[in-house]
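Residue numbers (the numbering used here), protein chains in the order written: chain C, 1 to 606; chain P, 1001 to 1173.
Ideal placement from N, C-alpha and C gives every residue a C-beta, glycine not left out.
Remember, predicted model here, so these are calculated numbers, not experimental data.
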C-alpha cells in the first residue's frame, strides 16, 4: 500500500480515518506538474500543465531531445505517461508496453507484450487503436484490445493480476483508457457497430475482482439507475427509463458502448463518461412499434455515476434516436468557471453532434448547448426553456434527417459527418484564459441508410456515406478552436488542411500544443491562436501531446503513427460531390503527406 | 447457416467457376450481355455496366452501398485503401472472381515481420453474403476506371430479380 517508508510514517496518522487509496495517490501524483500519470493529465481531464519553462517567447527554439520507435505500424492514439524517472509508452494492437528510463534517453527498462488472438483485429471498427494505460499506487493498469485488463508492477512490469472484461467473438473489444479511482479501476468497452450492449465496469484495484457493472441500456437494475434518485434535466428518470425507449429486445444489441475517456470529481465522488451510438446506422430499423422515432436511452448520453456503487446520479441524452452516428463518447472536462455571473462547477463536453455542452456537474443541469462549428446544420439548436416539453432536446432539421428522408434514399449535405465535429481527440482547458482548446473536424456528408441483418460478431451498420470538406468554408477538413464554455462561443478558430485528430495540451507558458494528420506538432498562442512553432514528426499524429519535467528541464512529447478512423477515412482523400462526378476535393489524400509508423518524439529547449 | 458449412459449399462452387473461367479466359474481354438487369461477361462472370449518360446498373450501385457499409471501415472510401487495409481497386485488377469470393467468405490472415493483419470471414454475414457479386462488380468497375470515386450519379431501377434474390438470401422477409 505504501511506497516509501517516509511516506508511510507520515501517512500513518491518517491511516485510521482514511486508508490510502488509488485516488489519493492519483491526486497526489497528478498534482506534481513534472509527471503525467493519467492519459488525461488528471481527474479533471483538463490536459493543462503548470510547467512554464517553455513559453510563448522561447517555444520557437524547441529541438528534438530524443526519439523512440514503437515497432508497431497501426494508429497511435493516447500519450505516454511519466511517473518519477520512468516513461511508459503504449502501442496499438498487440498493445506492447514499454517502460523507458528518462535518465538514459529512453533506454528500455522493461517491455510487456501480451499474446492476443488476432481474431480481435477485424472486429475492431476503424483500426486497432488504444487510448492508453493509467498509473496508480505503483501499478500500471493496461486494458488490451481483447478486453484483458492487466495490472503490472510499475517498476518491473511483472503481472499482478489480470481479468477478461468482454468477449471479442461478440464484437466486444477495448480501445479506451482506464481510470483508477479509490480502490477500483474503471473500464469501458467498444463495439457499438457490432451490436455490442455497452457497459462500464469497476474492478478491485488490488485483486481484479469485479465490483460493479453498469450497462448503458436495459432494465434499471442492470443500468444501475434509481428511478426515484437518478435525475435527468431536473427530474427523476422514473421506472424503466431505458427499456421503454426501445422496441422489443433491441436493447440487447443496442450499442451505447463507452470507448472514450473518464473523468472523476472527488468532491461528489462521481465518475463521468459518454455513451456511443445505438448500433445500426439505419434509424428505420430502430423506430417504436408505431414507426416513429424513439429515444434509445441511454445511448448518446453523458452519465454521472457514484464511483463506489456505480449507481447513476444523473444522465443527459444529447442525441435521442441517432440518425447520423454521433457517438457521445468524447471526454468530459471538469472546470470551475463563472456562468451568467455565478461561479459554477461545470462539466464541458464537445460532442460529435457539433454541440458544445456546459452542464452543472453536481446536478446535471444543462447550462449551455451551442454549435462549436458554425457549419453544423442537422439541428436548429437545443430547447433551453425548462417549461417546454422539448426541454433539453435538439430540434432536428427535416432536410438533414436521414430518418425522414428515408431508407434507401440519400440525405445530402449533412454537417457534421459521422466522424463528428470532434471525435475522441481530447480538448484542453486553461485556467489562465478560461478557454477550452478544441481539435475539430470540418467535414460534412451524404448519408443513405438501408436494411441490415444482425449476426453476432459481424458489423451491424446499414448505411453508406460520402464525406467531404465543409462546403462554403476555407476548403480544409479541420479547425483548431478556442471556446468560451460560459458563453457558448468560439473565441478564435485556426483553419487546418486535415481534421485535427490529436489531443491538445495547454500550459502555464501561455501556449497550446496539438498535432496534425500530416505529422506536425504545433504550438500556438493561447490568446489568439498565432502559430509559434511547428515541427514535422515521422508520421501523422493522432496521439495526444503531453508535457513533463526531468532533472529540472521541461519536455513536450507526442506519439506519431497515422491511422484510426482518420487514417481510414482520409488516407485516399475525400470526394466532393458538388465538384462534379466524384472528383477529388480541394486537397489530395493524406497518403500524399505521410505514411505508417509508430514513434515517439520528445522535444525540449536547447 | 454455420460458417464451416457455408464456407465448404462456397469452395465447391468456386472450384467449378474457376474451371469454367480457365477454359474461356481469353474471351473474357469480348462482348458482355444483360439478363434481367444483370450484366455478365461473355464467359458468364458478373460484371458492371455504365451507360453513356453515366447510369450504372442496379447491382453496381448496390455494391457501392454495401461496400460503404461493410468494407470501407477498413478498406477506405471508394475501394481506395487506407492506413489499415489494402486498396481493393488495386487488388481486383489481378484477383479472380473466384479468389475474391473465397477470401471474402473465409477470411485471410497476413503475418509479416512488420505487421499482422486479418481479414474476417464474412461468409455468414448476410449483409455481405447476399451482395457478394454486387460488391465485386462495383470494385471491378472502379478498378477498370469505369466508375469515378463517390456515389454513382444515376442508377438503373432495382430489378424484380434482385428483390427476389435479396428476400431469399435474408430468409426473413
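### Query
If you measure from the beta carbon of residue 448 (chain C) to each beta carbon in chain P, is any gap under 8 Å?
Taking the first residue of the first chain as position 1, residue 448 (chain C) is located at position 448. Yes, residue 448 (chain C) counts as interfacial toward chain P.
### Task
Scan the region 112-143 of chain C for residues whose Cβ lies nearer than 9 Å to a Cβ of chain P and list them as they occur along the chain.
118, 119, 120, 121, 122, 123, 125, 126, 127, 128
### Task
Would you tell me roughly how many angstroms separate the C-alpha atoms of residue 347 (chain C) and residue 360 (chain C), rounded to the nearest one?
Here residue 347 (chain C) refers to the residue found at position 347 of the first chain. Here residue 360 (chain C) refers to the residue found at position 360 of the first chain. In a straight line, the C-alpha of residue 347 (chain C) is about 6 Å away from that of residue 360 (chain C).
### Within-8 Å CB hit, residue 1124 (chain P) to chain C
Translated into the one-based positions of the second chain, residue 1124 (chain P) becomes position 124. Chain C contact via Cβ: present.
### Task
Within 10 angstroms of the Cβ of residue 584 (chain C), are there 16 or more other Cβ atoms? Answer buried if so, exposed if not.
Here the question's residue 584 (chain C) lines up with position 584 in the first chain. Only weak support is given to the placement of residue 584 (chain C): the predicted model assigns it a pLDDT of 42, under 50, and the value that follows is read from those uncertain coordinates. Buried is the call here.
### Query
If the cut is a Cβ gap below 8 Å, which residues of chain C does residue 1065 (chain P) touch?
Counted from its first residue, the second chain places residue 1065 (chain P) at position 65. Result: 448, 450, 464.
### Neighbourhood of residue 523 (chain C) by C-beta, 6 Å cutoff - its chain only, sequence neighbours within 5 removed
If you number the first chain from 1, residue 523 (chain C) lands on position 523. The residues are 59, 511, 513, 532, 533.
### Task
Identify the contact partners of residue 1116 (chain P) in chain C, using a Cβ-Cβ distance below 9 Å as the criterion.
Taking the second chain and counting its residues from 1, the one referred to as residue 1116 (chain P) is at position 116. Within chain C, the residues near residue 1116 (chain P) are 93, 94, 118, 121.
### Query
Using a Cβ-Cβ cut-off of 6 Å (strictly less than) and excluding sequence neighbours within five positions of residue 170 (chain C), which residues of its own chain qualify?
Along the first chain, read from residue 1 onward, the residue named residue 170 (chain C) stands at position 170. So the qualifying residues of the chain are 456, 457.
### Query
Taking Cβ-Cβ distances shorter than 7 Å, what residues in chain P pair up with residue 455 (chain C)?
Walking along the first chain from the start, residue 455 (chain C) turns up at place 455. Under the 7 Å cutoff, chain P gives 1124, 1125, 1126.
### Message
Rounded to the nearest angstrom, what separates residue 109 (chain C) and residue 78 (chain C) at their Cα positions?
### Response
The count along the first chain starts at 1 and reaches residue 109 (chain C) at position 109. The count along the first chain starts at 1 and reaches residue 78 (chain C) at position 78. Residue 109 (chain C) and residue 78 (chain C): Cα-Cα distance of roughly 21 Å.
### Query
Using a C-beta cutoff of 8 Å, does residue 556 (chain C) count as contacting chain P?
As a working note, residue 556 (chain C) is residue 556 in the first chain. No - not a single Cβ of chain P is within 8 Å of the one on residue 556 (chain C).
### Query
Could you check where the alpha helix (DSSP H) with residue 1163 (chain P) kicks off and where it finishes?
Taking the second chain and counting its residues from 1, one reaches residue 1163 (chain P) at position 163. Residue 1163 (chain P) -> alpha helix (DSSP H) spans 1160-1170.
### Query
Under 8 Å, do residue 565 (chain C) and residue 423 (chain C) count as touching if we go by C-beta distance?
As a first step, residue 565 (chain C) must be located in the first chain, where it is residue number 565. As a first step, residue 423 (chain C) must be located in the first chain, where it is residue number 423. Yes; because the gap between Cβ atoms is below 8 Å, this pair is in contact.
#### Entry: Endpoints, the alpha helix (DSSP H) within which residue 1094 (chain P) is located
On the second chain, residue 1094 (chain P) is found 94 positions in, with the first residue counted as 1. Looking at the DSSP string, the run of the alpha helix (DSSP H) that includes residue 1094 (chain P) is 1088-1094.
### Message
Check this for me: beta carbons of residue 1048 (chain P) and residue 1137 (chain P), under 8 Å apart or not?
### Response
Here residue 1048 (chain P) is taken as the residue at index 48 of the second chain, counted from 1. Here residue 1137 (chain P) is taken as the residue at index 137 of the second chain, counted from 1. Taking 8 Å as the Cβ cut-off, residue 1048 (chain P) and residue 1137 (chain P) qualify as a contacting pair.
### Message
If I follow the unbroken beta strand (DSSP E) through residue 515 (chain C), where does it start and stop?
### Response
Here residue 515 (chain C) refers to the residue found at position 515 when the first chain is read from its first residue. Start and end: 511-515.
### Task
Please decide whether residue 551 (chain C) counts as near chain P, where near means a Cβ-Cβ distance under 8 Å.
Within the first chain, residue 551 (chain C) is the residue found at index 551, counting from 1. It does not: the Cβ of residue 551 (chain C) has no partner Cβ on chain P nearer than 8 Å.
### Message
Closer than 7 Å between beta carbons: that is the criterion. Which residues of the region 1080-1108 of chain P meet it against chain C?
### Response
1080, 1081, 1082, 1083, 1084
### Query
Is the Cβ-Cβ distance between residue 449 (chain C) and residue 487 (chain C) less than 8 Å?
In the first chain, the residue the question calls residue 449 (chain C) occupies position 449. In the first chain, the residue the question calls residue 487 (chain C) occupies position 487. Taking 8 Å as the Cβ cut-off, residue 449 (chain C) and residue 487 (chain C) do not qualify as a contacting pair.
### Query
Per DSSP, what kind of secondary structure is residue 1100 (chain P) in: helix, strand or coil?
Taking the second chain and counting its residues from 1, the one referred to as residue 1100 (chain P) is at position 100. Looking at residue 1100 (chain P) - three-state DSSP - the assignment turns out to be helix.
### Query
Apart from the five residues just before and just after residue 125 (chain C), which ones in its own chain have a Cβ nearer than 6 Å to its Cβ?
In the first chain, the residue the question calls residue 125 (chain C) occupies position 125. So the qualifying residues of the chain are 193.
### Task
With a 10 Å radius around its C-beta and 16 neighbouring C-beta atoms as the bar for buried, classify residue 1126 (chain P) as buried or exposed.
Position 126 of the second chain, counted from the start, is the residue given in the question as residue 1126 (chain P). So residue 1126 (chain P) ends up on the buried side.
### Task
Within the same chain, show all residues whose beta-carbon is closer than 8 Å to that of residue 62 (chain C), passing over the 5 residues directly before and after it, in chain order.
Here residue 62 (chain C) is taken as the residue at index 62 of the first chain, counted from 1. Excluding positions up to five away in sequence, the list reads 54, 523, 533, 535, 556, 603, 604, 605.
### Query
When DSSP labels each residue in this structure, what does residue 439 (chain C) get in the three-state scheme?
Against the first chain, residue 439 (chain C) aligns to sequence position 439. DSSP places residue 439 (chain C) in strand when its eight states are reduced to three.
### Message
Count Cβ pairs between the region 350-364 of chain C and the region 316-323 of chain C that sit closer than 8 Å; are there 3 or more?
### Response
yes
### Query
From residue 180 (chain C) to residue 141 (chain C), what distance separates their C-alpha atoms?
Start at 1 with the first residue of the first chain, and residue 180 (chain C) comes out as number 180. Start at 1 with the first residue of the first chain, and residue 141 (chain C) comes out as number 141. About 8 Å.
### Message
What does the Cβ neighbour count give for residue 344 (chain C), buried or exposed, with the cut at 16 atoms within 10 Å?
### Response
As a working note, residue 344 (chain C) is residue 344 in the first chain. Buried.
### Message
Could you tell me the alpha carbon to alpha carbon distance between residue 269 (chain C) and residue 420 (chain C), rounded to whole angstroms?
### Response
Reading the first chain from its first residue, position 269 is the one you call residue 269 (chain C). Reading the first chain from its first residue, position 420 is the one you call residue 420 (chain C). Rounded to whole angstroms, residue 269 (chain C) to residue 420 (chain C) spans 30 Å at the Cα level.
### Simplified DSSP state of residue 1034 (chain P), which is helix, strand or coil
By one-based count along the second chain, residue 1034 (chain P) stands at place 34. DSSP places residue 1034 (chain P) in strand when its eight states are reduced to three.
### Task
Indicate whether at least one CB of chain P lies closer than 8 Å to the CB of residue 600 (chain C).
Locating residue 600 (chain C) in the first chain gives position 600, where the first residue counts as 1. Cβ-Cβ to chain P under 8 Å: no for residue 600 (chain C).
### Task
State the DSSP-derived secondary structure class of residue 1135 (chain P), mapped to helix, strand or coil.
Indexing the second chain from 1 puts residue 1135 (chain P) at position 135. In the structure shown, residue 1135 (chain P) sits in a helix (DSSP, three-state: H, G or I).
### Task
Work out the CA separation of residue 196 (chain C) and residue 279 (chain C) for me, nearest whole Å.
In the first chain, counting from the first residue as 1, residue 279 (chain C) sits at position 279. In the first chain, counting from the first residue as 1, residue 196 (chain C) sits at position 196. Their Cα atoms are separated by approximately 7 Å.
### Message
Less than 8 Å between CB atoms is the rule here; does residue 1073 (chain P) satisfy it with respect to chain C?
### Response
For the purposes of this step, residue 1073 (chain P) is identified with residue 73 of the second chain, where counting begins at 1. Yes, residue 1073 (chain P) lies at the interface with chain C (some Cβ there is under 8 Å from its Cβ).
### Task
Give the residues of chain C in contact with residue 1155 (chain P), contact being defined as C-beta atoms less than 8 Å apart.
The residue labelled residue 1155 (chain P) in the question sits at position 155 within the second chain. Ordered by position in chain C, no residue passes the 8 Å Cβ test against residue 1155 (chain P), which lies about 11 Å from the chain.
### Task
Could you tell me which residues DSSP puts in a beta bridge with residue 489 (chain C)?
Here residue 489 (chain C) refers to the residue found at position 489 when the first chain is read from its first residue. Answer is C:484, bridged to residue 489 (chain C).
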